[in-house]
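Colleague:
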Amino acid sequence: MLGSFVDFQLAFEAQPGRALLLAADAPHYTILAVSDELLRITGRTRVEVVNRSLFDFYPETIWAAAHGAVALRASLDEGLRSKQSNRMPVVRYEVQNAAGELEPRCWAACTKPLLNAAGQVQYLLHTGEDITAQVLAEEQQKRVAAEPHYRTLLEESPVATALYLGPELRIQYANALMLSYWGKDAAIIGLPFRQALPELQHLPLPILLEQVYASGEAHAGVRERVIRNVDGQPRASYFSYTYKPLRDAAGRVYGVHHTAVDVSAEAQALLQIEESEQRFRTMVEQAPVAITLTEGPDLVIQSVNGPMLRMMNKTAEAEVLGLPIAEVLPRVAAHGILQVARQVLETGQPFRGDAVPAQTIGSSGALEWRYYNVSYTPLRQGGRVTGLIHVAIDVTEQVLARQKVEAERERARLAIEVGGLGVFETNLLSGAMLTDARCNEIFGFATPQTWACYVEAILPDDRPIRDKALQQGLASGSFAYEVRICRPDGQVRWVRARGRVYHDAQERPASVLGVIQDNTEQRTITEALREGEQRFRIMADAAPNMVWAVYPDSTIRYLNQAFLEFVGVNFDEYLRTGWGPYMHPDELTGAQLTLEQAIAERRMYVLEHRMRRRDGQYRWLLAQGAPSYYPNGELYGYVGSAIDITELKHTNEQLRRTNQDLDNFVYAASHDLKQPVSNLTRLLEELRFAVRFDDPAEEKLLLPLIQNTLHHLTVTIDDLAALGQAQRPLAVEAEEVRLADLASEVLSTLSPQVQAAQALVYLDFSSCPTISFARANLRTVLLNLVGNALKYADPQRPARVHLTAWAERGQVVLEVQDNGLGFDADKYGPTLFRLFQRFHQHIPGTGVGLYLVNRIVQANGGRIEVSSRVGEGATFRIWLGAAQPSGLG
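Residue 820 is where the sequence shown starts when you use the working numbering, and the numbers rise one by one after that.
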């Protein structure tokens, strides 16, 4: 590609015409390239003019005649605006020749815009045809018209000349050169143009001649293509010509003067240049690799092909043409590769990079890393680097494949190294064998040995195993065997070999590549496990309970004899069906899920479920299992047992019903006793006012005694009623409870006790202001705990009670702390929550409150922790179980 571009530049400079290649940077119109002939006739050098404004070097000496300079700029501006070619009026000027003398020159100039792929003007091609000979010939014709040698001068002129008279444009005169261009002879003189030259009717020439005659305005053509007959064959020729009106003394047009010059050689040179450039662009566009051309230090995109557009994640050239690459691909710019491109611009030295990483936007719109082989080739104009050819080949798949192969090799190397594997390769045709150090170490050899030595190390009894495996490997392509070897030091070791068989071009087995591992320790462990498992099975079969073992995937490994007798089938039958036919349908899915979760989490498996016995009856079993591991830490499976707990569950159910009956009795009895005791209390009050004791001392003794007895009985009955109510299976709905409000309500109820103990109660519910709990039950808990803190206050100091709540491990914790009498928690802790348990006999009480608190907390899934010492107060920390912190503030 670069060679094509350089040829184009050299061809441009060497063409026979007068040509300028200008940048489309109005108003400067910088000269990018200039033909050698134009430099010659203007007396300039290429270094003087290239990369300078056109009007810096050719301001007036060339274009100043009449309106020449204005016409030139107008022609360039028009080409830039309209993107169409235009011709300038014939310009006359004087130029200094090599001898320093001014010579006349006449030019017929043309401006042609050159467009890029986006249809924008990239360059302006300005060419001039020197028609000095034509103009001078016409002037000479006028000067010598009256001279006898007029026709002789015209005939000898190097310019084809013809004169046409009248509206029919009769050929008055045509010199020999013009007649040769037409392929005619003097017989056409005197004929109208259209009649004399009918073969030119399809061309615009007759029409243009008629327009010049009618309008009186001259017309000039530059490098016009004409197909003419030469030696009986059509041939394309190019002519520059002028049609000028001839006027009489009154200024009326009476004819047309026609001059023409054959410029085919110059035109062909320009066509070749254009074709070369077009071939270059076509080659770029059709290239299977991504290519773009940039210009200037900002790397502005001037041309781009389809693969490069796709690499840029663009769909149309208009999205990128005229923009710097850094703007189109900002992420590529961040990698620094464009700085390399700028260095190529500065140094002119090409660059090539392999597997250059770049982060681009993929077809899915997500960022991805790609790898490219890139090259930057400088483009030169006038000896200066002005642009770059960027070529990028996407080699991401190749790079990723290579990385994968390298990673696989590294993993294989690590596996061999970590696994203690030895590597060997055997040539089956020659018998040569290559081994690494580890392979030799396994066999006990200090240095590599022959193939026969390694084979002879295998114990004779095991060689058939190796031979059979290799024979199978020759057919299947791979082999594996485990044999014993005897090392030179007399040690017998177990080794395991695995490998592949490779074939040559004739499909003959040619070589073996494999690995070998010392398997002695694993073999010893396996044998020990086999013996241990055999002993386990003997012991398990002798056990009266059902014993089972499963693999890590929960499938059956072993069932003891008691288990098989329970279900009434042999092991193979149970293994075939699994436990599905024997489990109760309601519990099959849950049991399987519980076992799988226990295995996944490596925790104990405990489950009560029903299983069908051989007589068809479903029995309740308590199954428990634990994970078992190999010595290397790998999971062996789960081993467990199951016992029949059907009778135990029946017994527990009977006990539950009995306890329920007792709870109902206590509740009913306490309820039935309330009314008689209430009646006795009212009767005593009546007696106090209606009856008078004869002995006042007896009254003072008996009445307080009776009142205290009735009060104690009332409290006991109330506690029993509360206890019965708490133990009745009545569902209590949870609700949102503000702890501060509930605590204030409890303290209001206990106000007399608070005053009596001179107590200060501190509340701190900032960490957990609101919880979800049965309000009545939580009130009973607070009422009993705070009531006990006040009841058992130390009379030697004012009482201090602290109520705090917070969330811990998903549960609400409520703490009640006091500075009262305290008790020995280490001694009485196990019996603290028993019914009727009391530790301070000098203070009235029933021993029901703490029992009631514990029952409420346990029923909600919680627990209570207590710490206390005599004389130091007590702390009750209650985990409220299912209670949850609420979002209320």
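From the three backbone atoms N, C-alpha and C, an ideal C-beta is built for every residue, glycine too.
For Y1448, which residues does DSSP report across the bridge?
Modeller: L1454
Colleague: Would you kindly work out how many angstroms separate the C-alpha atoms of H847 and L1140, rounded to a whole number?
Modeller: 22 Å
Colleague: Quick one: Cα of L1669 to Cα of T1623, how far?
Modeller: 19 Å
Colleague: On the CB-based measure, 16 or more other CB atoms within 10 Å of its CB, does Y1611 come out buried or exposed?
Modeller: buried
Colleague: Count the other C-beta atoms from every protein chain shown that fall within 10 angstroms of the C-beta of G938, then say buried if there are 16 or more, exposed otherwise.
Modeller: Label assigned to G938: exposed.
Colleague: Within 10 angstroms of the Cβ of A884, are there 16 or more other Cβ atoms? Answer buried if so, exposed if not.
Modeller: Because A884 sits at a pLDDT of 42, beneath the cut-off of 50, its placement in the model cannot be relied upon, and the following sentence gives the value as read from the coordinates. A884 comes out buried.
Colleague: Report the partner residues of I1462 according to the DSSP bridge assignment.
Modeller: L1441
Colleague: Using DSSP bridges, identify the partner residues of M1131.
Modeller: When DSSP reads this structure, M1131 sits in no beta bridge, so it has no partner.
Colleague: Roughly how many angstroms lie between the CA atoms of V1242 and I1261, to the nearest whole one?
Modeller: 11 Å
Colleague: Enumerate, from N- to C-terminal direction, the unbroken alpha helix (DSSP H) stretches of 4 or more residues contained entirely within the segment 1108 to 1192.
Modeller: Every alpha helix (DSSP H) of 4 residues or more that sits fully in the segment 1108 to 1192 is shown, in chain order, as 1125 to 1130, 1144 to 1147, 1149 to 1153 and 1156 to 1166.
Colleague: Buried or exposed: which applies to I1357, given that a residue is buried once 16 or more other Cβ atoms fall within 10 Å of its Cβ?
Modeller: exposed
Colleague: Tell me the DSSP secondary structure of D1583 in three-state form.
Modeller: strand
Colleague: Could you check if Y1448 is buried or exposed, using at least 16 other CB atoms within 10 Å of its CB as the buried criterion?
Modeller: With fewer than 16 other CB atoms across the displayed protein chains lying within 10 angstroms of its CB, Y1448 is exposed.
Colleague: Count the other CB atoms, across all protein chains shown, that sit within 10 Å of the CB of K1063; report buried if there are 16 or more and exposed otherwise.
Modeller: buried
Colleague: If G1629 sits next to A1608, beta carbons under 8 Å apart, how far is it from one beta carbon to the other, in whole angstroms?
Modeller: Between A1608 and G1629 the Cβ distance is about 28 Å, and since that is not below 8 Å, they are no contact.
Colleague: When you compare only the Cα positions, how much space is there between L1569 and F1584?
Modeller: 20 Å
Colleague: In this structure, how does DSSP classify D875 when only helix, strand and coil are distinguished?
Modeller: helix
Colleague: Does the segment 924 to 944 touch the segment 892 to 907, meaning 3 or more C-beta pairs lie closer than 8 Å?
Modeller: yes
Colleague: Considering just the uninterrupted stretch of the alpha helix (DSSP H) at Y1370, what are its terminal residues?
Modeller: Where Y1370 is concerned, there is no enclosing alpha helix (DSSP H), given that its DSSP letter is neither H nor E.
Colleague: DSSP state of R1230, grouped into three classes?
Modeller: DSSP places R1230 in helix when its eight states are reduced to three.
Colleague: Grab me the residues of G1692's own chain with a C-beta within less than 6 Å of its C-beta, minus the 5 sequence neighbours each way, in chain order.
Modeller: D1637, N1638, G1639 and G1641
Colleague: Use the C-beta contact count for H945: other C-beta atoms within 10 angstroms, 16 or more gives buried, fewer gives exposed.
Modeller: buried
Colleague: Which residue comes first and which comes last in the alpha helix (DSSP H) that contains F1262?
Modeller: That run of the alpha helix (DSSP H) goes A1256 to F1262.
Colleague: Which of the three DSSP states, helix, strand or coil, is assigned to M907?
Modeller: coil
Colleague: Measure the C-alpha to C-alpha separation of E832 and V868 and round it to an integer number of angstroms.
Modeller: 13 Å
Colleague: What whole-angstrom Cβ distance do E1085 and G836 have, given they're in contact under 8 Å?
Modeller: 4 Å
Colleague: Tell me, which residues are paired with Y1321 by DSSP?
Modeller: S1330
Colleague: Could you pull out every residue in the same chain whose Cβ sits closer than 6 Å to the Cβ of I1690, ignoring the five residues on either side in sequence?
Modeller: One detail in the question is off: residue 1690 reads as Gly in this sequence, not Ile. Excluding sequence neighbours, G1690 sits near G1641.
Colleague: I'd like the span of the alpha helix (DSSP H) that includes N1596, first residue to last.
Modeller: R1594 to K1610
Colleague: At a threshold of 8 Å, does N1607 count as lining the ligand FAD (C-beta to nearest heavy atom)?
Modeller: The model on display carries no ligand, and the ligand FAD is accordingly not part of it.
Colleague: Starting from the Cα of L1164, find the closest Cα among L1198, A1381, A981 and A1145 and give me that residue.
Modeller: L1198
Colleague: Tell me which same chain residues have a C-beta within less than 6 Å of the C-beta of I797, skipping the five on either side of it?
Modeller: Residue 797 lies beyond the residue range present for the chain, which begins at 820 and ends at 1708; the question has no answer from this structure.
Colleague: With DSSP collapsed to three states, give me the class of F1642.
Modeller: coil
Colleague: Around the Cβ of V1224, are there at least 16 other Cβ atoms within 10 angstroms (buried) or fewer (exposed)?
Modeller: exposed
Colleague: Please name the residue in G1009, H1038 and F1390 whose C-alpha comes closest to that of P1023.
Modeller: The candidate whose alpha carbon is nearest that of P1023 is H1038.
Colleague: Can you give the Cα-Cα distance for R1129 and K1287, rounded to whole angstroms?
Modeller: Approximately 58 Å, taken between the alpha carbons.
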